[in-house]
Amino acid sequence: MEYALKLENVTKEYKNFKLDHVNICLPRGTIMGFVGENGAGKSTTIKLIIDLIGRDGGKITILGKDNKSGLKDVKENIGVVMDESYLPESLNAVEINRIMKRIYRTWDEGCFYELLDKFSISRSKIIKEYSRGTKMKLSIAAALSHDPELLILDEATSGLDPIVREEILDIFMEFIQDESHSVFISSHIISDLEKVCDYITFIHKGKIIFSEAKDGLLDNYGILKCSEDEFKNIDPEIVKGMRKNKFGTEALILKNKIRGDYVVDKADIEDIMVFYIKERIQ
Amino acid sequence: MTGLILKDLLNLKKQLKIYIIYIIFYCILFYSSDNFGMLSGMIIMFAVMIPITAMGYDEKDKWDIYALTMPVSRNELVLSKYVVGLIFLFSSFIITLFLGLLYDRSMFKENILISLVVLSAGMILIAVLFPIFFKYGVEKGRTFMMLILFIPIAALIFASKLGFKLHGVEESELIAFFHWLPIISVAVLAVSVLISISIYRRKEF
Chain A
1 MEYALKLENV
11 TKEYKNFKLD
21 HVNICLPRGT
31 IMGFVGENGA
41 GKSTTIKLII
51 DLIGRDGGKI
61 TILGKDNKSG
71 LKDVKENIGV
81 VMDESYLPES
91 LNAVEINRIM
101 KRIYRTWDEG
111 CFYELLDKFS
121 ISRSKIIKEY
131 SRGTKMKLSI
141 AAALSHDPEL
151 LILDEATSGL
161 DPIVREEILD
171 IFMEFIQDES
181 HSVFISSHII
191 SDLEKVCDYI
201 TFIHKGKIIF
211 SEAKDGLLDN
221 YGILKCSEDE
231 FKNIDPEIVK
241 GMRKNKFGTE
251 ALILKNKIRG
261 DYVVDKADIE
271 DIMVFYIKER
281 IQ
Chain B
283 MTGLILKDLL
293 NLKKQLKIYI
303 IYIIFYCILF
313 YSSDNFGMLS
323 GMIIMFAVMI
333 PITAMGYDEK
343 DKWDIYALTM
353 PVSRNELVLS
363 KYVVGLIFLF
373 SSFIITLFLG
383 LLYDRSMFKE
393 NILISLVVLS
403 AGMILIAVLF
413 PIFFKYGVEK
423 GRTFMMLILF
433 IPIAALIFAS
443 KLGFKLHGVE
453 ESELIAFFHW
463 LPIISVAVLA
473 VSVLISISIY
483 RRKEF
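Residue numbers (my numbering), protein chains in the order written: chain A, 1 to 282; chain B, 283 to 487.
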């Protein structure tokens, strides 16, 4: 399979945080959601991908090229949206266009202005006067206007209202219609990712807990609800996390492996994540 | 790289208007005083401050992070700042030449030399300051800048108070040194570029 993005054993160590042998493979033509709690290592991973910070070990390949040697060329073909716009605040959209035209070989002015109109972004207002949502939409418009093959988004939808988020997710869905396009999106708004993603990668304390197809995850995991006594009979191998409350025990389990007659509810990605992080069986 | 330079120029639009008002103001102020060296010194000093202002904007916008997601290398980011600095220095140099001509035509030759010396001083100042700003950012860098500007001045004042005098330096030697100064400043600037590049290459965001 051809990968748009591949991280092999990527490691980065800080004084009190370590990104530990991260492996991620994003097949071309798919959307991968990158989830994890605040401080789990999502932004660090994305900064390593773009080489904003240097890695201590491992290998990163973007669109088939090493991110150290071929980065400048590769960046022509990727669109990056960070958690904030980072565009010069005292400029307006027309000036941004003039700058981008000189930076990207493939800059498409028509496409950019079309997106501005579509997002109803003012051309004459300076960026400082935009709302947060508009700033993000401008960043996304800029990221899409140089014919990218891969979009890398770091918390691009966080802090936006549901209507704007919906609009933005629609744009990603439209982008992915082209089979050579791929998206890598980090977020802690899991419901957003659940809507659009093919793969979910879950990072916790600098380690990848799983990186799997979303449908597989939803098929494999379930929430078991039973009494404490019943729970003792469950094979600990299939339990991924549990919590007790006054009504009994809830556990995240591999639902296909359970024997016997139990109440097993559907688990969504958020359940899986919460059980893994908070109710993890050591 | 032209995109990066254009970004700085667009960012500095407002600053430029203020700069032009300053120049006019100082021209009027110095018109009667006949101190061309002081005037050209002020003009070049402002020119040095402009690229530093641009760095300040970038820091506030976190532009470097954005720029590095685009097909722009770290070296280009560093070089573009030096180019912007030189654009303003040379524009200011041309302004001082022009003013030198207006001031006193009989002194034009001397004024050219003064302009050149001041331009060189500006280049050396940029050469010293830029690596500091790339290393420590504009906020912290400004403190260092104050130290760098004031320590020599303070030392001179202190030395003169203690009764030291410049002796043994002939005027002709000084003028010979001034003739070499532009070449020295270009060399210093080249070294500065290399230092900034190596600082910026290791920078993490």
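All C-beta atoms in this analysis are idealised placements derived from N, C-alpha and C, irrespective of residue type, glycine included.
Listed in chain order, which residues of the segment 344 to 364 of chain B have Cβ atoms closer than 7 angstroms to some Cβ of chain A?
Answer set for the segment 344 to 364 of chain B: LYS344, TRP345, ILE347, TYR348, LEU350, THR351, MET352, PRO353, VAL354, SER355.
Inspect the beta-carbon positions of SER402(B) and LEU463(B) and report whether they are closer than 7 angstroms.
Yes. Within cutoff.
If you draw a straight line from the C-alpha of PHE487(B) to the C-alpha of ILE208(A), how long is it?
Those two C-alpha atoms are separated by around 23 angstroms.
Please name the residue, chosen from MET324(B), GLY367(B), PHE312(B), TYR301(B), that lies closest to LEU288(B) on a Cα-to-Cα basis.
Comparing Cα positions, the closest option is GLY367(B).
What residue ranges within the segment 25 to 84 of chain A form continuous beta strand (DSSP E) runs of no fewer than 3 residues, ordered along the chain?
Here the runs fully enclosed are 31 to 35, 57 to 62, 78 to 81.
I'd like the list of long-range same chain contacts for VAL94(A), defined as Cβ closer than 7 angstroms, with 5 residues on each side in sequence excluded.
Result list for VAL94(A): ARG123, in chain order.
Could you check whether SER355(B) and LYS72(A) sit closer than 7 angstroms to each other, using their CB atoms as the reference points?
Yes, the Cβ-Cβ distance between LYS72(A) and SER355(B) is below 7 angstroms.
Taking contact to mean at least 3 C-beta pairs separated by less than 8 angstroms, is the segment 330 to 340 of chain B in contact with the segment 404 to 420 of chain B?
Judged by Cβ distances under 8 angstroms, the segment 330 to 340 of chain B makes contact with the segment 404 to 420 of chain B, as three or more pairs qualify.
Could you pull out every unbroken beta strand (DSSP E) segment of at least 3 residues lying fully inside the segment 213 to 252 of chain A, listed in chain order?
With a minimum length of 3 residues, the continuous beta strand (DSSP E) runs that stay inside the segment 213 to 252 of chain A are 221 to 226, 239 to 245.
Going along the chain, which residues of the segment 33 to 54 of chain A sit with their C-beta nearer than 9 angstroms to a C-beta in chain B?
Those would be LYS47, ILE50, ASP51, LEU52, ILE53, GLY54, in chain order.
Determine, using beta carbons only, whether LEU252(A) and GLY241(A) come nearer to each other than 7 angstroms.
Going by C-beta atoms, LEU252(A) is nearer than 7 angstroms to GLY241(A).
Once the 5 residues before and after ARG28(A) are set aside, which same chain residues still bring their CB inside 7 angstroms of it?
Result list for ARG28(A): GLU2, TYR3, ALA4, SER180, SER182, in chain order.
Does HIS461(B) pass the burial test, meaning 16 or more other C-beta atoms within 10 Å, or should it be called exposed?
It counts as exposed.
What would DSSP say about LEU411(B), mapped onto helix, strand or coil?
Of the three classes helix, strand and coil, the one that applies to LEU411(B) here is helix, per DSSP.
Please report how far the alpha carbon of GLY248(A) lies from the alpha carbon of SER227(A), in whole angstroms.
The alpha-carbon atoms of GLY248(A) and SER227(A) are separated by roughly 5 angstroms.
If we count the other Cβ atoms within 10 Å of its Cβ and call it buried at 16 or more, is ILE439(B) buried or exposed?
Flag for ILE439(B) reads exposed.
So with Cβ pairs under 7 angstroms, would you call GLU486(B) a contact of chain A?
Taking Cβ atoms only, chain A reaches closer than 7 angstroms to GLU486(B), which makes this a yes.
Is GLY33(A) buried or exposed, if buried means 16 or more other CB atoms sit within 10 Å of its CB?
Classification for GLY33(A): buried.
Select from the segment 88 to 119 of chain A all residues with a C-beta closer than 8 angstroms to any C-beta belonging to chain B, and list them in chain order.
Cβ contacts with chain B come from PRO88, GLU89, SER90, LEU91, GLU95, ARG98, ILE99, MET100, LYS101, ARG102, ILE103, TYR104, ARG105.
So, helix, strand or coil for ASP340(B), using DSSP?
DSSP places ASP340(B) in helix when its eight states are reduced to three.
Mind checking whether LEU471(B) and MET427(B) have CB atoms under 7 angstroms apart?
No, the pair does not count as a contact, with Cβ atoms beyond the cut-off.
With C-beta atoms as the reference, is SER187(A) less than 7 angstroms away from GLU155(A)?
Yes, the Cβ-Cβ distance between SER187(A) and GLU155(A) is below 7 angstroms.
Under 9 angstroms Cβ-Cβ, which residues of chain B neighbour ARG130(A)?
The amino acid occupying residue 130(A) in the given sequence is Tyr; Arg does not appear at that position. None at all; the shortest Cβ gap to chain B is about 13 angstroms.
Measure from the alpha carbon of MET331(B) to the alpha carbon of each residue in ASN317(B), LEU383(B), ILE300(B), then state which is nearest.
Comparing Cα positions, the closest option is ILE300(B).
Give the straight-line distance between the Cα atoms of TYR364(B) and ALA436(B), rounded to the nearest whole angstrom.
Computed Cα separation, rounded: 29 angstroms.
According to DSSP, is ILE189(A) part of a helix, a strand, or is it coil?
Of the three classes helix, strand and coil, the one that applies to ILE189(A) here is coil, per DSSP.
Using a Cβ cut-off of 9 angstroms, which residues of the segment 407 to 435 of chain B contact any Cβ in chain A, in chain order?
Cβ contacts with chain A: none found.
Pick helix, strand or coil for TYR199(A), following the three-state DSSP scheme.
Note: TYR199(A) maps to strand in three-state DSSP.
With DSSP run on the structure shown, which of helix, strand or coil describes ALA4(A)?
DSSP places ALA4(A) in strand when its eight states are reduced to three.
From ASP271(A) to TYR113(A), what distance separates their C-alpha atoms?
Looking at the two C-alpha atoms, the distance is approximately 41 angstroms.
DSSP three-state label for ILE272(A), please.
Helix, per DSSP.
Would you mind sorting ILE302(B) into buried or exposed? The rule is 16 or more other CB atoms within 10 Å of its CB.
Classification of ILE302(B): exposed, given that the 10 Å Cβ count is below 16.
Since ILE176(A) is in the alpha helix (DSSP H), which residue starts that stretch and which ends it?
Careful: ILE176(A) lies outside any alpha helix (DSSP H) and carries neither H nor E.
Compute the distance between the beta-carbons of GLY58(A) and GLU8(A), then report whether it is under 7 angstroms.
Their beta carbons are under 7 angstroms apart, which means GLY58(A) touches GLU8(A) by this criterion.
In three-state DSSP terms, what is ASN16(A)?
ASN16(A): coil per DSSP, three-state reduction.
Would you give the residue range spanned by the beta strand (DSSP E) that LYS266(A) belongs to?
Per DSSP, LYS266(A) belongs to the beta strand (DSSP E) from 263 to 266.
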